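Okay, structure first, notes after.
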Amino acid sequence: MNLVRSELLKIRTTSTWWWLALGAFVSIALAFAFNAWYAVTVLGGDGAEFGASAQQSTPAAQAANIYTSGQYLGLMFVMLIGILMVTNEFFHQTATTTFLTTPRRTSVIVGKLVAASLLGFFFWLVTTLIDLAAGTIFLSLNDYGTQLGEWPVQRALLFNLLAYAIWTVLGVGIGTLITNQLGAVITAAVLYLIGTQVVGLLFLLLSNVLDSEAVLKWQVIWPAVASQVMIAEGTSEFTPSWWVGALVLIGYALVSGVVGVLLTRRRDIA
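FYI, the numbering for the sequence shown is 0 to 269, going by numbering that gives the first Met the number 0.
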């Protein structure tokens, strides 16, 4: 617990997380506005124009989408926090002091993983409270009700929490793999933002080559896609079930945590 508290102190005493929190807030505002417009369009009977299935055209499905607004960029921001928790040690040359104070490197990384998960929970809590406040007002004014008693909405909120916790863990894993702070941040951001679009394009081309739309379901192997799949309500021929996305993301978290511990135990710290 002392290691966890020290990691949280390191984050609180820097201004970086404030900037990331501000970015998350802006992304929520933009995403909520779009999701609200989309919900009105789909629930108004025009969902077919946007490829929405029957399951996705229900008030519960759209409420789940509204209550998780801002997830896409929010997950990137918590991933960057996880990266900074590790790379700051090398950037500010405090890694030697940290590992001399706590020679058991596994304990240090586990402390960072736990602290990262707590930060992920904090970001999820704040963003969810904002979404709930705005979402309940919006849905009630449009006579759809809050939909909070529906399981699809509850599942989306719970698995959104899982996504935030896992992406901070993934950030710690990336930080142990690429210790250069600038390199790790740029690489992770590019892979998340641009890589996701590239993966979608590649699978679209592959489906055309193989003449099989079922190939599109395999996009779920990309973690950013898996995060969206596991909170979405309703499946189609292009989207796997929500539990597939959850299993993929949990697998990434386990691999990332193990790799982070092994790399740190073997690495020479000057």
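Note that the Cβ used here is the ideal one computed from N, Cα and C, for glycine as well. Here the structure is a predicted model, which means the values were calculated and not measured.
Compute the beta-carbon to beta-carbon distance between residue i and residue j, rounded to the nearest angstrom, for a pair I have assumed lies under 8 Å.
| i | j | result |
| --- | --- | --- |
| A155 | T40 | In fact, because the Cβ distance is near 19 Å, the residues do not count as touching under 8 Å. |
| Q146 | A213 | No, Q146 and A213 are not in contact; Cβ-Cβ is about 31 Å, not under 8 Å. |
| G81 | A23 | That pair is no contact at about 14 Å. |
| F122 | Y163 | 6 Å |
| W166 | V77 | 5 Å |
| L7 | A114 | 5 Å |
| T186 | W221 | That pair is no contact at about 15 Å. |
| A183 | T86 | 5 Å |
| I230 | F158 | 5 Å |
| S255 | L169 | 5 Å |
| L79 | L160 | Not confirmed; about 19 Å, so no contact. |
| I10 | L118 | 7 Å |
| A188 | M75 | 7 Å |
Classify residue i as buried or exposed, calling it buried when 16 or more other Cβ atoms lie within 10 Å of its own Cβ.
| i | result |
| --- | --- |
| V224 | buried |
| T126 | buried |
| M0 | exposed |
| V219 | buried |
| T263 | buried |
| L21 | exposed |
| V228 | buried |
| V171 | buried |
| W150 | exposed |
| S226 | buried |
| I193 | exposed |
| N64 | buried |
| G73 | buried |
| A59 | buried |
| G110 | buried |
Where do the ends of the alpha helix (DSSP H) carrying residue i lie?
| i | result |
| --- | --- |
| S26 | 15-40 |
| L7 | 1-11 |
| Q61 | 58-66 |
Contiguous alpha helix (DSSP H) assignments of at least 4 residues, all confined to the stretch 149-203: Counting whole runs of 4 or more residues, the stretch 149-203 contains the alpha helix (DSSP H) stretches 150-176.
Contact between the stretch 25-39 and the stretch 196-203 is defined here as three or more beta-carbon pairs at a separation below 8 Å; is this criterion met? These segments do not touch.
Count the C-beta pairs between the stretch 105-114 and the stretch 136-144 that are closer than 8 Å, then say yes if the count reaches three, no if not. No, the stretch 105-114 does not touch the stretch 136-144.
Those runs of the alpha helix (DSSP H) which lie wholly inside the stretch 103-129 and span at least 4 residues: Taken in chain order, the stretch 103-129 contains no complete alpha helix (DSSP H) segment of 4 residues or longer.
Taking only runs of the alpha helix (DSSP H) that begin and end inside the stretch 209-233, which ones reach a length of at least 4 residues, in chain order? Segments of the alpha helix (DSSP H) lying fully in the stretch 209-233: 222-228.
Should the stretch 175-184 be called in touch with the stretch 240-249, which here means at least 3 C-beta pairs below 8 Å? Too few Cβ pairs lie closer than 8 Å, so no.
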